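Report on the structure given below.
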Amino acid sequence: MVSVSRFLRGLGLAALAAVTCQAAAVNGQALSERASSNDRLVFAHFMIGIVSNRQSSSDYDEDMKLAKAAGIDAFALNIGTDTYNDAQLGYAYDSANRNGMKVFISFDFHYWNKDNAAAVGQKVKEYASRPAQLMVDNRVFVSSFAGDGLDANAVRSAAGSNIYFVPNFTPWGGSTNGIDGALNWMGWPNDGNNKAPKDGKSVSVADGDNNYLNWLGGKKYMAPVSPWFFTHFGPEVDWSKNWVFPGGSLIFDRWNEVLQKGFPMVEILTWNDYGESHYIGPLKSKHNDDGSSKWVNDMPHNGWLDLSKPYIAAYKNKDTNVAKYIEKDQLIYWYRRNLKSLNCDATDTTSNNPPPNPNENYFMGRPDGWDTMEDVVYVVSLLKSAGTVVVSSGGNSVTKEVGAGATLIKVNAGVGKQTFALKRGSSTVLSDTSLMDITNVCACGLYNYNAYVGTVAAGFSDPLDSAGLASLTVGLHVTICQAKPSLGTNPASPTQPNPPVVTTANPGQACIKGTVADGVSQNYLGLCEYTCHYNYCPSAQCKCTEYGSAVSPPATNGREGCPASALDASLSRVGSGHNWGVGLSGRSRVGTKRWLSLAN
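Here this note's numbering is used: the first residue of the sequence shown is 68, the next is one more, and so on.
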């Protein structure tokens, strides 16, 4: 998660009418009638850090209405220590009260100090009496992101009341002393070290559930539900990070797991964290652009909220089958806009570009974990009665007979149009063609591992507004990309249909071998081979083919090369300044054809 202001700121049978009414009643039930720790509660994590441009409580109304309609009980309002927090919290609390929702504060300990429990408690106290404050067992509900080591009893003392505290403490670094439960943030398959599974290290979300349940020893467990994770901030921002967790059919699998396990509380990660691509709320919800518009523009996720709605109803009703909570026939589908073989190293913002603040979350080029992703189109049918689902992805097609309820269908992703249909007998009940083709184009020059989510029938139009697009072109290596929605059109500048996979680097490694970039003149070959060996491998002319420990360049000779006509000056200066190609004639060469005279 990123606080923008800090750095500009992470099956069964068809539903009977009576049962459908029962499901609707569970969704719409006022939380004030259900505020007991014995009830099942559903929350969604809401990032205050990207909505500092909201001017009134009405700016929160649409979020509140959509969440309530889906059965979400409360927003967990994630706050850092920003000056606008109180204004935005006030707006959110007022809007929630007006729209029949509840909210509570989730303290982000990337910014709050775990050693200052008094400040945390005092902030809780400021909002405890607001009508929209979530109360559980008549106690003020409070949570966090991170926070291991915080003195929970000191927070309670400063708050002046016996708060119901369910922070994001961890079994390996936190204590259960003074807490009522804990939130598990790790809602994605991982390697046990906050990255995608690798080298035989794989921790499932269910493994995390078990770790927390064993550690909590009967205290309340708040389980995560998340659909996706991809972040791709380059050196154009101070919070550079670049990795992916395998998403795939995670949200479908996880909701079914939640129904079977019956956890006491669930938190959806997240409503609006666009920077990590796990948002289920709308793009048009008013927010600032932290730079994530580069991979979020034209990529709505509202279908995941539609998918969640009947599962939330089933979960609250303590049912293990979602079928009778489906109110209408619908197809939900999602996929990436490119196959993972697509090579964008020549134009991606992270390729051969170390970050301004080196950290373990930044990888150059393809995001860490890219190879764990499947080239698949995922479709979930939500049906009131059996039917036939037909899916075509480029040249790949699948026809499947499915029953009432929720069914997952997987189709190998193919470049081209993506079409979806539901048939019963000779009649086509639903059909549509996605507005997002799968292409061989690096849109905006980038690796984009975000998901495009659509529905049949199609949902509402959901474009980013001007504020949400404000940083789209910052740091791009291409000039053809514009800061505006373009869904339904195909991106410009096609790339090779089957480009080779090129190794991308760990932030602690340097380029030690390279060659000319795809499509670049072979006149650059010699210089690229030479300068890339010393970790100078500019992506406009060269591409790195091997990484390792940095190699120290030869001592400078104090001389500067002049480029031959139309060739790059920086390469000649770096190369000739370190004695590249200097022979008996006192001249340097580029490749085998071009010569540079040495300047005195």
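Idealized CB from N, CA, C, for every residue including glycine. Note that this is a predicted model, so its numbers are computed, not measured.
Taking all protein chains shown into account, Trp239 has fewer than 16 neighbouring C-beta atoms within 10 Å of its C-beta and is therefore exposed.
By the C-beta criterion, the stretch 523-541 is judged to be in contact with the stretch 355-366, since at least 3 inter-stretch pairs fall below 8 angstroms. Counting only residues of its own chain and dropping the five nearest sequence neighbours on each side, Ile393 has a CB closer than 8 angstroms to the CB of Ala82, Pro377, Leu449, Leu450, Lys451, Ala471, Gly472 and Ala473.
In the DSSP assignment, Gln485 falls within the beta strand (DSSP E) that extends over Gln485 to Arg491. As for any alpha helix (DSSP H) of minimum length 4 sitting wholly inside the stretch 160-226, the runs are 184-194 and 219-226, ordered along the chain.
A direct Cα-Cα distance of roughly 8 angstroms separates Asn229 from Val207.
Between the stretch 290-305 and the stretch 416-430, the count of Cβ pairs shorter than 8 angstroms is three or higher; the stretches touch.
Contact between the stretch 285-298 and the stretch 231-247 is present: 3 or more CB-CB pairs across the two stretches fall below 8 angstroms.
Taking 9 angstroms as the cut-off, the beta carbon of Gly214 is found no closer than this to the beta carbon of Tyr178.
In this chain, the alpha helix (DSSP H) harbouring Phe319 covers Leu317 to Lys328. For Ala143, the closest C-alpha among the options Met202, Gln189 and Asn120 is that of Met202. Apart from sequence neighbours up to five positions away, the residues of its chain that approach Tyr400 with a beta-carbon distance below 8 angstroms are Gly370, Val444, Tyr445, Val446, Val447, Val458, Gln485, Phe487, Ser501, Val520, Gly521, Thr522 and Val523, ordered along the chain. Our two residues, Tyr158 and Ile246, have alpha carbons roughly 28 angstroms apart in a direct line.
In the structure shown, Leu374 adopts helical secondary structure according to DSSP, grouped into three states.
Excluding the 5 residues flanking it on each side, Thr582 has same chain C-beta neighbours closer than 8 angstroms at Leu592, Cys595, Glu596, Cys599, Cys609, Lys610 and Thr612, in chain order. Secondary structure note for Thr466: its beta strand (DSSP E) is the uninterrupted segment Asn463 to Val469.
Nearest to Met114 by C-alpha distance, out of Asn384, Val478 and Ser173, is Ser173.
With a 10 Å radius around the Cβ and a threshold of 16 neighbouring Cβ atoms, Gly492 comes out exposed. Separation of Tyr402 and Val222 (C-alpha to C-alpha, rounded to the nearest whole angstrom) is 43 angstroms. Of Ala136, Glu193 and Asn180, the smallest CA-CA separation from Ala154 is found for Glu193.
Here the stretch 501-516 does not lie against the stretch 325-335, with fewer than 3 beta-carbon pairs under 8 angstroms apart. In the three-state reduction of the DSSP assignment, Trp282 falls in the helix class, which pools H, G and I.
The Cβ neighbour count for Glu468, taken over all protein chains shown within 10 Å, is under 16; the residue is labelled exposed. Listed in chain order, the alpha helix (DSSP H) runs fully inside the stretch 243-294 are 272-283, counting runs of at least 4 residues. Residue pairing of Ala141 in beta bridges, as defined by DSSP: Phe110 and Lys169.
Met332 carries a strand assignment under DSSP once its states are collapsed to helix, strand and coil. The DSSP-derived three-state label of Gly521 is strand. Per DSSP, the unbroken beta strand (DSSP E) holding Leu449 starts and ends at Val443 to Leu450. A Cβ-Cβ separation of about 7 angstroms places Leu372 in contact with Leu133 under the 8 angstroms criterion.
DSSP places Thr387 outside any beta strand (DSSP E), giving it a letter other than H or E. Taking the C-beta atoms as reference points, Phe171 is found nearer than 9 angstroms to Gln200. Burial check for Lys391: the Cβ neighbour count within 10 Å reaches 16 or more, so the residue is buried.
The alpha-carbon of Glu441 is positioned some 15 angstroms away from that of Asn463. For Val456, no alpha helix (DSSP H) run applies; the uninterrupted beta strand (DSSP E) run containing it begins and ends at Gly454 to Ser460, by DSSP. By the CB criterion at 9 angstroms, Val109 and Val333 fall inside the cutoff. With a 10 Å radius around the Cβ and a threshold of 16 neighbouring Cβ atoms, Thr414 comes out buried.
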